[in-house]
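Peer 1:
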Amino acid sequence: MLISKPRRSNRGAMFWIVCLLGLVGIVVVAIALFGRDRPEPIAPAPAPAAPVAQAVTEDASMIAQERRRQAYLAEIRATREMAKREQPQRKPNEKCIGGVLYLKDGSEWKQQGPC
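Going by full-length UniProt numbering, the letters in the sequence shown line up with residues 1 to 115, in that order.
(1) Going by Cα to Cα distance, which pick from Arg77, Lys104 and Met82 is closest to Arg90?
(2) Rounded to a whole number of angstroms, what is the C-alpha to C-alpha distance between Pro92 and Ala55?
(3) In angstroms, rounded to a whole number, what distance separates the CA positions of Pro114 and Gln70?
(4) Could you tell me which residues DSSP puts in a beta bridge with Gly113?
(5) To the nearest angstrom, report how far apart Thr57 and Ala45 are at their CA atoms.
(6) Assuming Tyr102 contacts Gln87 (C-beta within less than 8 Å), just tell me the rounded distance between them.
(7) Looking only at its own chain, which residues have a Cβ that is under 7 Å from the Cβ of Arg72, when we skip the five neighbours before and after it?
(8) Rounding to the nearest angstrom, what Cα-Cα distance links Glu66 and Glu81 in this structure?
Dropping the structure here:
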């Protein structure tokens, strides 16, 4: 009777090879995640200006900012005043809603026509 020799199993060696490849993969991923993304060094801060020059610059910028703010507010006021002058004067019991004039009669509003 012919009996073949049993094959030697490579399971032990294969286990260690797979573990080594897994460990190498983990190291490569860790290097890719943490090693390459180092922040660039922060540039040194510029030297502060002399206190007097800095105060004068801040005052000038604050004055210019306040003038711009006042001009902007004046423009808004003028626009509102112009809009008020263009609106027709209505009685207290009249309203214009969506281009339709309504007149209050008792406790209900009645449609009068376009406004």
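Backbone N, C-alpha and C fix where the C-beta goes; we use that ideal spot for every residue, glycine too.
Peer 2: Looking at the coordinates:
(1) Stepping through the sequence shown from its first residue, residue 90 is reached at position 90. It is Lys104 whose Cα lies nearest to the Cα of Arg90.
(2) Position 92 of the sequence shown holds residue 92. Position 55 of the sequence shown holds residue 55. Taking the straight line from one Cα to the other gives about 55 Å.
(3) If you number the sequence shown from 1, residue 114 lands on position 114. If you number the sequence shown from 1, residue 70 lands on position 70. Answer to the nearest angstrom: the Cα atoms are 39 Å apart.
(4) Indexing the sequence shown from 1 puts residue 113 at position 113. DSSP output for Gly113 lists Leu101 as bridge partner(s).
(5) Position 57 of the sequence shown, counted from the start, is the residue given in the question as residue 57. Position 45 of the sequence shown, counted from the start, is the residue given in the question as residue 45. Thr57 and Ala45: Cα-Cα distance of roughly 19 Å.
(6) Along the sequence shown, read from residue 1 onward, the residue named residue 102 stands at position 102. Along the sequence shown, read from residue 1 onward, the residue named residue 87 stands at position 87. Contact doesn't hold; Cβ gap of about 16 Å is too wide.
(7) In the sequence shown, residue 72 corresponds to position 72, counting from 1. Residue 72 is actually Tyr in this sequence, not Arg. Here the set comprises nothing.
(8) Walking along the sequence shown from the start, residue 66 turns up at place 66. Walking along the sequence shown from the start, residue 81 turns up at place 81. Spanning the two alpha carbons is a distance of roughly 22 Å.
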